[in-house]
Structure formats: structure tokens, C-alpha cells
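*Asks:* Right, I'll just put the structure down here and ask away after.
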Amino acid sequence: MLLAKFFHLLGLTIWVGGMFFAHMALRPALASLQPPQRLVLMAATLGAFFIWVWISIALVLGSGLHMMLLMGGHAAPYVHAMAGIGILMMLVFGHIFFAPFRRLKLAAARQDWDRASRALGQIRMLVGINLCLGLLTIAIGALGPMMA
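Each residue of the sequence shown is one higher than the one before, counting from 4 in this note's numbering.
Encoded structure:
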């Protein structure tokens, strides 16, 4: 169980920490760039980060299911809450990856900066939602055992 918990926390840290960095530090810092440079840089940055998100999802989902199986179906309500929110986050990320991120890459490659900007705006909103869900999950994981 200890190794599963380590991989679970590793995946969560990479994913939520990466979203926090991108949303709270990188995005504001790139505001000084012109749209073509900013959009190309964000498409490349997100492409690299999203590889790590897929790895993180595999770690979080695999380790989370493993730990729940070890509990024999007797997981506390806070564990079920974390699992539900985690699945929702994965679904939101899947939408980001296959819809607005795909549009961002295509529009940036075609130098259609208006469409690329709209796609990045959608990604920004959805990442903000997922960041809030991730922080909520961390709070539940940290405080849930004390309330169970």
C-alpha cells in the first residue's frame, strides 16, 4: 500500500502542480509576448506537459484502484469523493486534449491566431476548473482521514 500511495501522490503532484504553474505563473508571464509567439509557445508547452498528464493519470488511476481494492470495498466516504472528483478531472482533461488542444495545434500550425487564441481561452478555463478540482481533492485527501 505504501508504494501505491507514493505513486498516487507523485502523479497528483505532477498533474496539479503543473496546472498551478501553467495557470498562475506561465500564463501571466507570457502576456508580454505577441499572440503568434505566445500561442506557438503555449501549444508546445502544453504538448510536452500533456504527456506527463497522461502518465500522471495512469499513476493516479492505477494506484487509486489498487488501494481501493486493498480496502476490500470498505473505503471511507472521503475516498469515494476523491475517486469521483478524480474521474471527473480525467474526463475534463480528455476533453481538453481531444478538443480545444487539438484545435490550438491545428490553428497555430496554420497561423490562424484568432482560432488559436479562442482554443487557448477554452483550455485556460477548463484547466482552471481542473485546478480547483485538484486542489479540492488534495484538501479532501489531507483532511478526510481526520473527519472519518
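C-beta: ideal position from N, C-alpha, C; glycine also.
Using 8 angstroms for Cβ pairs, my map puts residue 21 next to residue 55. What's the rounded Cβ distance?
*Replies:* Taking the first residue of the sequence shown as 1, we reach residue 21 at position 18. Taking the first residue of the sequence shown as 1, we reach residue 55 at position 52. That belief holds up - the Cβ atoms of residue 21 and residue 55 are roughly 6 angstroms apart, short of 8 angstroms.
*Asks:* Alpha carbon to alpha carbon, how far is residue 62 from residue 71? Give it in angstroms, no decimals.
*Replies:* In the sequence shown, the residue the question calls residue 71 occupies position 68. In the sequence shown, the residue the question calls residue 62 occupies position 59. A straight-line Cα-Cα distance of about 14 angstroms links residue 71 and residue 62.
*Asks:* Where does the unbroken alpha helix (DSSP H) through residue 83 begin, and where does it stop?
*Replies:* In the sequence shown, the residue the question calls residue 83 occupies position 80. Per DSSP, the continuous alpha helix (DSSP H) segment holding residue 83 begins and ends at 80-101.
*Asks:* To the nearest angstrom, how far is it from the Cα of residue 102 to the Cα of residue 80?
*Replies:* Counted from its first residue, the sequence shown places residue 102 at position 99. Counted from its first residue, the sequence shown places residue 80 at position 77. Taking the straight line from one Cα to the other gives about 33 angstroms.
*Asks:* So within the segment 28-65, which uninterrupted beta strand (DSSP E) runs reach at least 3 residues, ignoring any that extend past its ends?
*Replies:* none
*Asks:* Determine the direct distance from the alpha carbon of residue 97 to that of residue 147, and round the result to whole angstroms.
*Replies:* Position 144 of the sequence shown holds residue 147. Position 94 of the sequence shown holds residue 97. Cα-Cα distance, rounded: 27 angstroms.
*Asks:* Spatial neighbours of residue 49 within its chain, please: CB distance less than 8 angstroms, with the 5 preceding and 5 following residues excluded, ordered by chain position.
*Replies:* If you number the sequence shown from 1, residue 49 lands on position 46. Same-chain partners within the cutoff: 25, 104, 107, 126.
*Asks:* Between the segment 121-141 and the segment 82-89, do at least 3 Cβ pairs fall closer than 8 angstroms?
*Replies:* They touch, by the three-pair rule.
*Asks:* Just to confirm, is the Cβ distance from residue 111 to residue 36 under 8 angstroms?
*Replies:* Taking the sequence shown and counting its residues from 1, one reaches residue 111 at position 108. Taking the sequence shown and counting its residues from 1, one reaches residue 36 at position 33. No, they are not a contact pair.
*Asks:* Beta carbon of residue 89: closer than 7 angstroms to some heavy atom of the ligand SAH?
*Replies:* Looking at this structure, you won't find the ligand SAH or any other ligand, since it has none at all.
*Asks:* Within the continuous alpha helix (DSSP H) that includes residue 11, where are the two ends?
*Replies:* Position 8 of the sequence shown holds residue 11. Residue 11 -> alpha helix (DSSP H) spans 5-24.
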